[in-house]
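Notes follow the structure.
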Amino acid sequence: MKIAVCIKQVPDTTEVRLDPKTNTLIRDGVPSIINPDDKAALEAALRIKDGAGASVTAICMGPPQADVALREALAMGCDNAILLSAREFGGSDTYATATILAAALKKGDYDLIIAGRQAIDGDTAQVGPQVAERLGIPQISYAEEIRAEADGVVVKRQYEDCYHLIEAKFPCLVTVLAEAVQPRHMTVRGTVEAYAADIPVLGFEDLKDGLNPDWIGLKGSPTNVVKSFAKQLKGQGIRLAGLSEDEAVNTIVQKLDELCII
Amino acid sequence: MEFTLSKQHQLQQQLYRSFAQAEIKPLARDMDEAEEYSPQLLQKMQQAGFFGIPYSTVYGGAGADNLSYVLCMEEVSKVDGSTGITISVHTSLCCHCLNEFGSEEQKQKHLRPLVNGSKFGCFSLTEPGAGSDVAAGQTTAVLDGDDYVLNGSKVFTTNSGFADVFVAFAVTDREKGARGMSAFIVEKGMPGLSVSANIPRMGIRAASNCVVTYDGVRVPKENLLSREGDGFKIAMKALDAGRIGIAAQAVGLAQGALDEAVKYVKERKQFGKPISAFQNTQFKIAEMQTQVDAARLLTYRAAAAKDAGQPYGSHAAMAKLFASDVACQVTRGAVQLFGGYGYAREYPVERMMRDAKITEIYEGTSEVMKMVIAGAMKVK
Amino acid sequence: MGKDIYVVIEQRKGRVQKVGLELLGEAQRLAADLGQQVVAVLMGHNVAQKAQGLVHSGADRVILVDDPMLETYVTEPYARALTAVIEKFDPEILLFGATSIGRDLAPRVAARVHTGLTADCTALEIDPEEKLLLMTRPAFGGNLMATIVCRDYRPQMATVRPGVMKRLEPDAARTGAVEKLEVAFTPADMNVKVQQVCQHEGKAVDITAAKVLVAGGRGVGGPDGYAPLHALAAELSGEVAATRIGVDSGWIEKDRQVGQTGKTVRPQLYMACGVSGALQHVAGMEESDFIIAINRDENAPIMAMADLAVVGDLNTMVPKLTRAIQQHKAQKAQD
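Protein chains in written order, with this note's numbering: chain A, 4 to 265; chain B, 6 to 385; chain C, 90 to 424.
In structure tokens, the structure reads:
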């Protein structure tokens, strides 16, 4: 079984702060990490490898620095890694990103493609389904569990009010949730081997047979950001400090009474 | 001169850090209170390859280097000193002896399971009457047929509570003094080998540390390490290597306590402002971080020298001498910044302060370090 | 260029989900700016009787695709049906609820018809000059807002967070045509097999419907820490909500998570206990009518946005508050 896992390197958004003076994002010193849902996707793939046996290839589109994310994937236990990196790919929205990823995935003849549901910097959840569409294969998103069978998968697919057990034949694409599985740690030996490994970098020239240049990069992206701005937080209300607990509790009860909640 | 870690070392540091934060930190306090190490945690560390870091993949090790091992010691000791010594004794004392002095057969048979994470090792040297004066050891080994028969008692043997392999030192020829000592591979289950309960201690309380008694233990001749009379040399070489790990443990303890203190002084308010706003606090923190960084650089230098195949004994001694002093000062300073809460067991800094003290004592006291350094300078 | 604003109505087991009605309300507002109509797209099996209600809630027309293939939500049959609607009617704008169905279907369809899609929008406007749809959404875990346009492709597609837009009061006097569209499905369209549909164990919690939410953050300390919050919530006829840390640590069900990766709520009262107020959490609760925060750290961001910020320890305050409310109620009953 050949599995590909699509991963993205993202800034750790829990560490991103706003500069209160300029209202811009402070990205200096913010660590880059493997997107948490994608790390769960790696874990899901590696569990299939541990069980039924599979070769697992991690694929990442990004700048040359994204190499680090792929080394980490190798150190967790992936067999291969591929970096998709080219100037032509820059500025891609989800449609263009999916177009590029699909072109690379087509070359690999994978049975199963696993991706994270969504990335913490964009939160779109769109790339997985759009890759599946570009490849013309079924998708199952929001996966909590994946069970691999000889010729397909059975996936526990989460909805707000229920879940479905969905069976799909290979080839297919599954997107997984970060809370579904706890990703394993790297191993020390894995880190050594990860840096001994050769990670091929595929650029525009390598993929151009399957790629319409008008459909990728900034100019091939149907959506454009026209404005970004810091969110206005609500102003401050009443603050109670230095009161005894009983006094504070009474104030809250009075307020709840005023609001007709009690 | 290069002062940044390579990409590979950075990735390893990320592994050690995330493992320590996720797996060790939540257990550290409970293990200290229980004075017992978690077997599940030992297993997780074995799986991640923490017990064979600087050893060749030929023997099932991770194939990383001594700097990587130091990064591991530092990150685990930031959250738990006991984990540091558990890894260190196994890696840089027990495995080091086998890796440097073992025959190919001994490496295949004994080093492989130790570095691939299926067995644990310890180092059985210190005796009730022989601490810094190693050569005063009373444990004896007498050849009887194909076996050496060991008799004697060792104290403060870290990891002995769960170890499978004991590198034990015993006198084979009393006449020759230090040159009459030999090293043996003793295996768990050999008749006459017994291990006491944990010795109650001030710090690193989760680590296993017991009295080991050899009562007529018959050790086959093929378990002699190197040659008869090489024991003292083997012990000294292992301790040279071990000191790099202890220095890293000290750096980790200091940095861990300092990190806790930095977080605390920003939250804690007295006299209407966070105590971090007082210049005394700022100066104290600045001094502490400078000390820790200096200790870290000495430690990395010793590890880099060992990786480069250069002499490192004196570097290791300086690193341990300085880092252990820094660990004691900085952890004590952290408790002081915490005030009353620092003394309370709710916060980890009191544990770190208790753990730090031992780094000035084991694997050669600070006084012994000074002897090593002065000796290397030919000041005799 | 396309025409009219289309809203994909999500139904589950024949029940119209409220996000669809919210979108009809919002679409009416946008349609007024464009001088166009609002069209509801209702897909399912035996759901025709729901069409009239959509008209009452703001649809000027309803496109109905009713077929046994659409009995249960499966990506491909729904994608085929919706693609047929787009190809036949050429909408200017197409809106979905940002639910686990909308966020599965919309990207698939956007890729198929080759257009842009903006996920999880919290505000929609029509640009007065170019008449483009301005789609605003949080990015970077709620740290930043971005306004996105889709200039060259139609329809302009967006998924919109449930609970953000306001539905109209149903007006039984409204009228509108219902138009059936037959889609020629083939068995191959059912490219996966739904083996089983399972309801979640226990009663499903809907924190988006609660008038009062008592939320616990990192400060609750562990799974047991929610018990006093449940007691307080019960006293206030509310529900317990949680932050990402509680859910990620396995302390509490995912259903209760508020924030960027959880749910958006706008209760009358949001009581944040030991919640620091990380932006990704605030993104899901800032529209609450009244916010009370209890936190040990007076500098926690939540304290700067709360209507009433109380510096204190939730472990002692919450049980005291619960008792005080009981007494207050008893007192009132006597008066």
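The beta carbon of each residue, even a glycine, is placed where N, CA and C say it ideally should be.
None of the values given here were measured: they were computed from a predicted structure.
Under 8 Å by beta carbon: chain A residues contacting residue i
{"i": "residue 30(B)", "result": "Residues of chain A passing the Cβ test: none, with the nearest at roughly 14 Å."}
{"i": "residue 418(C)", "result": "265"}
{"i": "residue 98(C)", "result": "Within chain A, no residue comes near residue 98(C); the closest Cβ sits about 16 Å away, beyond 8 Å."}
{"i": "residue 287(C)", "result": "165, 166, 167 and 168"}
Under 9 Å by beta carbon: chain B residues contacting residue i
{"i": "residue 183(A)", "result": "Within 9 Å Cβ-Cβ: nothing; residue 183(A) doesn't reach chain B, min ~17 Å."}
{"i": "residue 44(A)", "result": "Going along chain B, no residue has its Cβ under 9 Å from residue 44(A), so there is no contact; the nearest lies around 18 Å."}
Any C-beta of chain A under 8 Å from that of residue i
{"i": "residue 254(B)", "result": "no"}
{"i": "residue 329(B)", "result": "no"}
{"i": "residue 165(C)", "result": "yes"}
{"i": "residue 20(B)", "result": "yes"}
{"i": "residue 69(B)", "result": "yes"}
{"i": "residue 17(B)", "result": "yes"}
{"i": "residue 280(C)", "result": "yes"}
{"i": "residue 379(C)", "result": "yes"}
{"i": "residue 189(C)", "result": "yes"}
{"i": "residue 62(B)", "result": "yes"}
{"i": "residue 237(C)", "result": "yes"}
{"i": "residue 219(C)", "result": "no"}
{"i": "residue 118(C)", "result": "no"}
Contacts around residue i, its chain only, beta-carbon distance under 8 Å, and the 5 residues preceding and following it disregarded
{"i": "residue 123(B)", "result": "51"}
{"i": "residue 103(A)", "result": "64, 87, 92, 95, 210, 214 and 219"}
For residue j and residue i, believed in contact at Cβ under 8 Å, the rounded distance
{"i": "residue 143(A)", "j": "residue 177(A)", "result": "5 Å"}
{"i": "residue 163(B)", "j": "residue 202(B)", "result": "Their Cβ separation, rounded to whole angstroms, is 14 Å, which puts residue 163(B) and residue 202(B) out of contact at 8 Å."}
{"i": "residue 391(C)", "j": "residue 361(C)", "result": "5 Å"}
{"i": "residue 354(C)", "j": "residue 296(C)", "result": "6 Å"}
{"i": "residue 387(C)", "j": "residue 254(C)", "result": "With 8 Å as the limit, residue 387(C) and residue 254(C) do not qualify as a contact, their Cβ atoms being about 35 Å apart."}
Proximity test, residue i beta-carbon vs the ligand NAD heavy atom, cut-off 7 Å
{"i": "residue 338(C)", "result": "Looking at this structure, you won't find the ligand NAD or any other ligand, since it has none at all."}
Under 7 Å from the C-beta of residue i: neighbouring residues of chain A
{"i": "residue 54(B)", "result": "190, 191 and 192"}
{"i": "residue 349(C)", "result": "126"}
{"i": "residue 58(B)", "result": "191"}
{"i": "residue 364(B)", "result": "Near residue 364(B) there are no residues of chain A at all, since even the closest Cβ is about 24 Å away, more than 7 Å."}
Close Cβ partners of residue i (< 7 Å) along its chain, the five nearest in sequence each way excluded
{"i": "residue 275(B)", "result": "none"}
{"i": "residue 167(B)", "result": "125 and 213"}
{"i": "residue 238(B)", "result": "none"}
{"i": "residue 150(A)", "result": "156 and 157"}
{"i": "residue 82(A)", "result": "58, 59 and 60"}
{"i": "residue 98(A)", "result": "133, 224 and 225"}
Cβ of residue i within 8 Å of any chain B Cβ
{"i": "residue 150(A)", "result": "no"}
{"i": "residue 195(A)", "result": "yes"}
{"i": "residue 78(A)", "result": "yes"}
Partner residues on chain A for residue i, Cβ-Cβ distance less than 9 Å
{"i": "residue 12(B)", "result": "70, 71, 74 and 198"}
{"i": "residue 24(B)", "result": "188 and 189"}
{"i": "residue 400(C)", "result": "242, 243, 244, 245, 246 and 251"}
{"i": "residue 205(C)", "result": "96, 97, 98, 224, 225, 226 and 227"}
{"i": "residue 424(C)", "result": "In chain order: nothing, as chain A lies at least about 12 Å away."}
8 Å Cβ cutoff, residue i in contact with chain C
{"i": "residue 92(A)", "result": "no"}
{"i": "residue 255(A)", "result": "yes"}
{"i": "residue 260(A)", "result": "yes"}
{"i": "residue 106(A)", "result": "no"}
{"i": "residue 230(A)", "result": "yes"}
Sequence-distant residues of the same chain with beta carbon closer than 6 Å to residue i, five excluded per side
{"i": "residue 317(C)", "result": "407 and 408"}
{"i": "residue 148(C)", "result": "113, 127, 129 and 265"}
{"i": "residue 380(C)", "result": "359, 395 and 396"}
Contacts that residue i makes with chain C (C-beta to C-beta distance below 9 Å)
{"i": "residue 211(A)", "result": "Those do not exist, as residue 211(A) stays about 19 Å from chain C at its closest Cβ, beyond 9 Å."}
Contacts that residue i makes with chain C (C-beta to C-beta distance below 7 Å)
{"i": "residue 47(A)", "result": "Near residue 47(A) there are no residues of chain C at all, since even the closest Cβ is about 17 Å away, more than 7 Å."}
{"i": "residue 143(A)", "result": "281"}
Practice task
Using a Cβ-Cβ cut-off of less than 7 Å, list which residues of the stretch 158 to 183 of chain A approach chain C; keep chain order.
Solution key: 161, 162, 163, 164, 165, 166, 167, 168, 169, 170, 171 and 182
Practice task
Pull out every residue of the stretch 108 to 140 of chain A whose Cβ sits closer than 9 Å to any Cβ of chain C, in chain order.
Solution key: 120, 121, 123, 124, 125, 126, 127, 128, 129, 130, 131, 132, 133, 134, 135, 136, 137 and 140
Handout entry: Contact residues within the stretch 297 to 308 of chain C, judged by C-beta distance below 9 Å to chain A
Key = 300 and 301
Practice task
Using a Cβ-Cβ cut-off of less than 9 Å, list which residues of the stretch 257 to 282 of chain C approach chain A; keep chain order.
Solution key: 280, 281 and 282
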